[in-house]
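What follows is a short report on a single structure.
There are 2 protein chains.
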Amino acid sequence: MVGEGQLAVPAVPGLGPPSHAGTATGAPGAGLRRAVIALDVGGTDIKSAIVTRGSDPDALDEILVERVTSTRAADGPGASVAAVLAAVETLRAEVPAGYQVLGVGLAVPGTVDESAGLVVSAENLDWVDLPLRKVVADATGLPVGFGHDVRAGGLAEARLGAGRGAPDHAYVSIGTGIAAAVVLHGQVYVGGGYAGEIGHGGTHGGAPCACGGTGCAETFASAAGIARSYRELTGATADEVPGSAEVLARAHAGDTVARQVWDRAIDRLGELVADMVRLLALPVVVIGGGLVRAGEDLMVPLDAAVRSYLTIHPAPRLVPATLGSAAGTYGASVLAWDAVTAAALEAL
Amino acid sequence: MVGEGQLAVPAVPGLGPPSHAGTATGAPGAGLRRAVIALDVGGTDIKSAIVTRGSDPDALDEILVERVTSTRAADGPGASVAAVLAAVETLRAEVPAGYQVLGVGLAVPGTVDESAGLVVSAENLDWVDLPLRKVVADATGLPVGFGHDVRAGGLAEARLGAGRGAPDHAYVSIGTGIAAAVVLHGQVYVGGGYAGEIGHGGTHGGAPCACGGTGCAETFASAAGIARSYRELTGATADEVPGSAEVLARAHAGDTVARQVWDRAIDRLGELVADMVRLLALPVVVIGGGLVRAGEDLMVPLDAAVRSYLTIHPAPRLVPATLGSAAGTYGASVLAWDAVTAAALEAL
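Top to bottom, those sequences are chains H and P.
Each residue of the first sequence is one higher than the last, beginning at 1 in my numbering.
Each residue of the second sequence is one higher than the last, beginning at 1001 in my numbering.
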């Protein structure tokens, strides 16, 4: 991590391709404040931001400019890559006066190998073995930080959010899918890109899952899975029950099917968290993703479910994530600053 | 790790208490070969050994003297501590001419906090919050390495056995109980003493377990649990079916109950291994403990069971442990050498 004034501006070769010469993102200038571009790439949208950082590396970055653009997944994998590059270029043209962009951070869905800079596979985007870090670095001439969206979110929560002060913990994101970032000794464990994919596998039988398995937790215990399960059981339409919040509201109104769907999801989530604790004895588990908006309706029964699956292990402290839907963006910015720092150290 | 001739003999204060003055374990002498005392403390027996090490720190230690003594658990917790100290003293009196003992290593069952040097609890020995490392260090005046029996076994397999060359892997010991050592970046992860206790919890319902839970994997999927389950279902006596090997033999002979008991155990073990892989994407899992003596009758169906519980995750390579029942002793000796090295570095 690097704070304002703590680090000489790195002499990165080709900082800003020729088309950017003369803009604020060109060669480092004295008196300019440092910024990075952070992209949280989703299946549907790219959230992008220009962020700057004050002298406290543990403080949240300040967002200067924010955009949401389409990932253009329907237009094929090439279009999605072009959409990522366009999002970066758009923001580089919008850098406020007095700032210079020193790096880019990318948080990407799917199976992501951080150390190789590779998207091993991203189903929704039809990406396979895509060296995205290099693609963006070559196109921009900037240092590029690169990571899995959930691990990036976990990294942000670990450094800036609910995981601060807990060197060993897990961040579990429960939204469209279910995945975890395992933080041990303060570092996010990558496992070649497959670590933390607890939403898939572990079962025999049940509803078919997009991964090819059956009964995977994602099919009924993710926010999307809760809504889908309820619709399948009741015939409700997606307009009537667009998400898990509507299922919860119906459960509160006395709908027994909604209650069963909700409770079954919580029970499985409790089992997943307990399984992590049984293996790693994690003292803290940060709960993030869209489902955490259910608040105590999630956290209280989830805590009980986790405890019901533990015997000798101390129960973990369950903590709601604090960065909310911005976790991916902040994670991308943390990755960007780390990449800028690494490039500066290499240039020494 | 330290090899012969690579390290100055540490000037450890009080090396050898007064009663040992003049023995081979007294003050360091020129020309003496280095040795350590390694103890694998079990619920019933203490396996103890004097071991020496050549110039290759990755080679197996050479066992000079070996003893098995009673843990004296029935005589109460004080008697068990005395039995540990007596085992060390007995071996110190038997150090072959030309060798000097520089340290002690202890591998201990139960919930063990390595960093605190503490046995948090060891049910079979009735130990609670016992600072065993300090007890042995005070009594012997020697550096004492200290660890959990399964994590010590995993450490030995990682450095000297089946886990060599795999910086990230797990060692699963399936014997009287079921527990795992998680090795990440070459280090055994401790988690305050509770990491790897996958034999307990994770279930609702089933047979009662000594831990207070029900349906724990240890009750039916450990070597002891397999034998016990079969006896309960058939009324066979412990003389007739003393262990899992007899259950396997009966399954091969066409006994359908034995086959069901065996298959159910393998299925649950496969689920446990898959759960570890789903979280940590471990490429290698070393299988140890008594059950591994079943050979292909364990490894082949276990591999299939693990794969059946995985979807997107690459299946791990399952490898039988190579140190067998000596894993704990070698683990204790690795801990002892590490403690000797640490003491020498501190004295620099």
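All C-beta atoms, glycine included, are put in the ideal place defined by N, C-alpha and C.
Contact note: Pro316 of chain H does not reach chain P at a C-beta cutoff of 9 Å; the least C-beta distance is about 11 Å. Fewer than three Cβ pairs drawn from the segment 63-80 of chain H and the segment 311-321 of chain H lie within less than 8 Å of each other, which leaves the two stretches out of contact. Contacts between Tyr1309 of chain P and chain H, judged by CB atoms closer than 8 Å, involve Gly201, Gly202, Thr203, His204 in chain order. If only complete runs of 4 or more residues are kept, the segment 206-294 of chain H shows the alpha helix (DSSP H) at 217-220, 223-234, 244-252, 256-280, in order along the chain. Here Gly153 of chain H is buried: its Cβ has 16 or more other Cβ atoms, across all protein chains shown, within 10 Å.
By the rule that beta-carbons nearer than 7 Å mark a contact, Ala107 of chain H does not touch chain P. Closer than 7 Å to the CB of Gly154 of chain H there is not a single CB belonging to chain P.
For Ala210 of chain H, not one C-beta of chain P is nearer than 7 Å to its own C-beta. Taking the Cα of Asp58 of chain H as reference, the smallest distance to any Cα among H:Val136, H:Ala97, H:Glu157 is reached at H:Glu157. In chain order, Gly199, Ala217, Glu218, Ser222 place their CB closer than 6 Å to the CB of Ile178 of chain H, counting only its own chain and leaving out the 5 sequence neighbours on each side. Interface annotation, Met299 of chain H: not in contact with chain P, CB-CB separation never under 7 Å. Ala1304 of chain P is classed as exposed because its beta carbon has fewer than 16 other beta carbons within 10 Å across all chains shown.
For Glu197 of chain H, the neighbours in chain P by C-beta distance under 8 Å run, in chain order, Arg1278, Ala1281, Ile1312, His1313. Within the segment 169-189 of chain H, contact with chain P at the beta-carbon level (separation under 8 Å) is assigned to Ala180, Val182, Leu184, Tyr189. Taking Asp1263 of chain P as reference, the option from P:Leu1039, P:Val1112, P:Val1306 with the minimal CA-CA separation is P:Val1306.
At least one beta carbon of chain P lies nearer than 7 Å to the beta carbon of Gly213 of chain H.
In the three-state reduction of the DSSP assignment, Gly1042 of chain P falls in the coil class, being assigned neither a helical nor a strand state. Beta bridge pairing from DSSP links Lys47 of chain H with H:Asp40, H:Val68. What Thr111 of chain H touches in chain P, judged by beta-carbon distance under 9 Å, is Ile1312, going in chain order.
In the three-state DSSP reduction, Ala116 of chain H falls in the coil class, being neither helix nor strand. Not one beta carbon of chain P lies nearer than 7 Å to the beta carbon of Asp263 of chain H.
Counting other Cβ atoms within 10 Å of its Cβ, Gln1187 of chain P stays below 16 and is therefore classed as exposed. Burial is judged here by how many other beta carbons sit within 10 angstroms of a residue's own beta carbon; Ala1274 of chain P has at least 16 and is buried. At least one C-beta of chain H is nearer than 7 Å to the C-beta of Gly1192 of chain P. Under the three-state reduction of DSSP, Pro1320 of chain P is assigned to strand. Closer than 7 Å to the CB of Asp1126 of chain P there is not a single CB belonging to chain H.
At least one beta carbon of chain H lies nearer than 7 Å to the beta carbon of Asp1275 of chain P. In the structure shown, Gly1192 of chain P falls within a helical segment according to DSSP collapsed to helix, strand and coil. Contact between Ala1344 of chain P and Ala1038 of chain P fails: their C-beta atoms lie close to 18 Å from each other, not under 8 Å.
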